[in-house]
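Below: one structure, written as structure tokens.
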Amino acid sequence: MDACRALPPNLSTAIPPTTRAQFALHNTSDMRRRHAAQQQKEAQQRDAATTTPATESIPSRLMSLPAELRNRIWTAAFEGWTQRIDFHSRAEIWTNAEKTYRRQPPLLSTCKQIYAEAIGIYYSTAIFFVDRLKHEWCRGELSGWLRSIGPERAKLVRNVRFHLCRNARAIVDLHDDDTWSYTSALNHDSRLQEAERDIKAFSSDEMVIKADLWYQTEWDRILIWTSTPVSTDQEVHRLREQRDEGFDKWLEAKAADVKIWELRGISEKGLREIDAHETYRDRIE
1 MDACRALPPN LSTAIPPTTR AQFALHNTSD MRRRHAAQQQ KEAQQRDAAT TTPATESIPS
61 RLMSLPAELR NRIWTAAFEG WTQRIDFHSR AEIWTNAEKT YRRQPPLLST CKQIYAEAIG
121 IYYSTAIFFV DRLKHEWCRG ELSGWLRSIG PERAKLVRNV RFHLCRNARA IVDLHDDDTW
181 SYTSALNHDS RLQEAERDIK AFSSDEMVIK ADLWYQTEWD RILIWTSTPV STDQEVHRLR
241 EQRDEGFDKW LEAKAADVKI WELRGISEKG LREIDAHETY RDRIE
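First residue of the sequence shown: 1, per full-length UniProt numbering; consecutive thereafter.
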């Protein structure tokens with residue numbers, strides 16, 4: 001009963017000021033900001049745990065292939081690729097077409113590993129050509145370029161072509177015996193021999209240098225790449241004199257070094273204006 005007695009009237013139940021401060025109302029906007037910051041931090045932690053770090057590279061399926069198979073891929077990619085050798089020209093005077101000739105395949109710019117693996121195959125597979133029209137010193141172009149790429153890569157180069165046909169006047173008319181001349185073939189043969197002597201110190205025995213011979217029949221214009229211009233020209237002359245299918249079969253057998261354009265529908269004036277070099281440029285592009 002004593003415990004249930006009423007408290008004396010002089011006793012107070014007021015909460016001290018320090019205690020009262022603990023129950024002060026919180027600022028609603030502050031709570032929202034803290035909550036949003038906490039959620040953002042948690043989201044970032046979840047993303048970091050579930051995503052691949054930027055520093056980790058994704059494995060390449062191409063580079064996971066066996067090395068032998070990759071080499072076959074590089075070879076297939078470079079077959080038929082033509083790069084112009086223009087060692088003495090300044091970059092600022094190149095035309096767009098000339099830049100196209102000079103560029104290396106984009107594949108070599110993808111990554112360092114592919115470049116290291118494929119660059120040797122590129123030099124041994126691609127076709128490198130010198131434009132006789134622009135420079136009288138085409139032999140110097142080739143030797144200067146071989147020096148610039150270094151002895152190891154120079155020894156890998158297999159296919160070099162000299163574009164020696166200046167214009168349409170150098171095209172031999174096969175159906176007009178009166179105009180037949182060995183002059184172009186003899187000139188080409190002499191220049192190829194000079195070039196081979198100039199680069200002997202830089203090249204391997206497997207390098208083959210070819211020059212272009214141009215012919216015209218009644219219906220076609222024919223480009224033949226050959227490392228023996230005189231004997232090739234004599235063979236063409238002999239086969240044409242036979243007037244049978246032997247010439248066509250011979251051209252078909254040399255398909256890798258022969259290009260034929262059909263001239264049907266082109267006027268005589270148009271034939272005279274067709275420049276052999278421009279036709280060749282169109283073929284490359």
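Where is the CB? At the ideal position from N, CA and C, for every residue including glycine.
With fewer than 16 other Cβ atoms inside 10 Å of its own Cβ, M31 counts as exposed. Across the structure, E152 and W219 are spaced so that their CA atoms are roughly 46 Å apart. In this chain, the alpha helix (DSSP H) harbouring R238 covers 229 to 242.
Of all C-beta pairs linking the stretch 108 to 125 to the stretch 71 to 78, three or more are shorter than 8 Å, placing the two stretches in contact. Here F129 is near R84, since their CB atoms are less than 7 Å apart. Take S204, set aside five residues on each side of it, and the residues of its chain with a beta-carbon closer than 6 Å to its own are K155, in chain order. Put simply, the backbone Cα of Q45 is about 17 Å away from that of R34.
E252: member of the alpha helix (DSSP H) spanning 246 to 253, first to last residue. Cβ contact annotation for I260 (same chain, cutoff 8 Å, sequence separation greater than five): D220, R221, I222, L223, L251, in chain order. A201 sits in coil when the DSSP states are folded into three classes, being neither helix nor strand. Residue environment: A195 is assigned as buried (16 or more neighbouring CB atoms within 10 Å of its CB, all protein chains considered).
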